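Okay, so the sequence shown: first residue is 9 according to our numbering, each after it adds one.
Beta carbons are placed, not taken as given, at the ideal position from N, Cα and C, and that holds for glycine.
Note that the coordinates shown come from a computational prediction; the quantities given were computed from them, not determined experimentally.
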Amino acid sequence: MRMILIGPPGAGKGTQAANLVDTYEIPHISSGDMLRAAVKAGTELGKVADRYMKAGDLVPDDVVIGMIIERIGADDCARGFMLDGFPRTQPQAAALDEALKKAGVDLDAVVLIEVPDELILDRITGRRSDPETGTIYHLKFKPPPPEVAGRVVQRKDDTAEACTARLSKYHRETAPVVPYYEARGILRRVDGVGAPDEVLLRLTAALKAPSAS
Ligand code: AMP
């Protein structure tokens, strides 16, 4: 299964990807997680990415494309992968197609998780994660248990200011990629409003339904 999760920041892509990879036994490849790891490790790529990420801007295509194409060429992706956060621009989508074509394989599904803008700010600014386990919480919707609450951290780009920038980038750069996949009949739209378990049920059903192609 070669699949992409698309959606605005805070749509629940990371949460749902973590739920789905066990079912499909494929690696979860999050471009945001890879970039954050590079920033933490202080690599050259990480130093470049850090500036853009802090401001809620997209990291330049050439940096991200190289990183992801190399990753999906790894042995553990031979049976498939779940891309989360990539592609985010039309050049990224084109580069992915070219790499898959070269490898003689195709995408099976692109899932768009839809959440209205007015819910995004609340979702993003309340988001916290446990640096020890990576578990994602939300101060209002999924508060961390007392033993974890003291150590949760907020992502630098989960502030209201960076969130607004990320949302406008999403509409300008990423949303135009959707019709590209829709025209190929591999797009599945999923309502991302509601509890993560409800969204997972919708997502699983959407993936089981026959595609339009
Ligand atoms: P995410 O964890 O997916 O919300 O990504 C966090 C940040 O990493 C984004 O706001 C961008 O700055 C950067 N980023 C992640 N994926 C990409 C991508 N495919 N293209 C450009 N920048 C990206």
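**Item:** 8 Å Cβ cutoff met for Leu43 and Ala63
**Value:** The Cβ atoms of Leu43 and Ala63 do not sit closer than 8 Å to each other.
**Request:** Rank Val72, Asp205, Val119, Thr133 by C-alpha distance to the C-alpha of Pro99 and give the top, closest one.
**Result:** Residue nearest to Pro99 within the set Val72, Asp205, Val119, Thr133 is Val72 (criterion: CA-CA distance).
**Request:** Assign Arg210 to buried or exposed, taking buried as 16 or more other Cβ atoms, counted over all protein chains shown, within 10 Å of its Cβ.
**Result:** Looking at its Cβ environment, which holds 16 or more other Cβ atoms inside 10 Å, Arg210 is buried.
**Message:** With distance defined between alpha-carbon atoms, name the residue in Met75, Met61, Gly112 nearest to Ala86.
**Reply:** Measuring from the Cα of Ala86, the nearest candidate turns out to be Gly112.
**Request:** Run the CB neighbour count on Pro139, radius 10 Å, all protein chains shown included, and call it buried at 16 or more, exposed below.
**Result:** Result: exposed.
**Proximity below 8 Å, CB of Val198 to CB of Val118** = No. Outside cutoff.
**Message:** Going by DSSP, what residue range makes up the beta strand (DSSP E) through Glu169?
**Reply:** Not the beta strand (DSSP E): Glu169 falls in the alpha helix (DSSP H), residues 168-177.
**Message:** Short of 8 Å in beta carbon distance, which residues of its chain neighbour Asp69, apart from the five on each side in sequence? Order them along the chain.
**Reply:** Once the five neighbours on either side are set aside, the close Cβ partners of Asp69 are Thr97, Pro99, Gln100, Ala103.
**Request:** Sort out for me which residues DSSP pairs Asp199 with in a bridge.
**Result:** In DSSP, Asp199 forms a bridge with Glu122.
**Request:** Give me whichever residues DSSP pairs with Asp92 in a beta bridge.
**Result:** Asp92 pairs with Leu13, Ser38.
**Request:** Flag this pair as yes or no: are the beta carbons of Pro16 and Val123 separated by less than 8 Å?
**Result:** With respect to Val123, Pro16 sits close: the two C-beta atoms are nearer than 8 Å.
**Item:** Beta-carbon proximity of Glu22 to Ser39, cut-off 8 Å
**Value:** As written in the sequence, residue 22 is Gly, which differs from the Glu given in the question. Taking C-beta atoms as the reference points, Gly22 and Ser39 fail to come closer than 8 Å.
**Whole runs of the beta strand (DSSP E) within the region 70-114, excluding any shorter than 3 residues** = DSSP runs (the beta strand (DSSP E)) wholly in the region 70-114: 89-92.
**Prompt:** Just to check, is the beta-carbon of Gly64 closer than 7 Å to a non-hydrogen atom of ligand 1?
**Reply:** True, at least one ligand heavy atom lies under 7 Å from that Cβ.
**Item:** Identity of the residue in Arg163, Asp130, Ile121 nearest Ser137 by Cα
**Value:** Comparing Cα-Cα distances from Ser137 to each of Arg163, Asp130, Ile121, the minimum goes to Arg163.
**Message:** Mapping the DSSP letters down to three states, classify Ile144 as helix, strand or coil.
**Reply:** Here Ile144 sits in strand by DSSP.
**Asked** Got a sec, what are the start and stop residues for the alpha helix (DSSP H) Arg210 sits in?
**Response** Here the alpha helix (DSSP H) through Arg210 covers 204-216.
**Prompt:** Per DSSP, what kind of secondary structure is Ala57 in: helix, strand or coil?
**Reply:** Reduced to three states, the DSSP call for Ala57 is helix.
**Request:** Quick one: grab the DSSP three-state call for Asp45.
**Result:** Note on residue identity: the sequence assigns Ala, not Asp, to residue 45. In the three-state reduction of the DSSP assignment, Ala45 falls in the helix class, which pools H, G and I.
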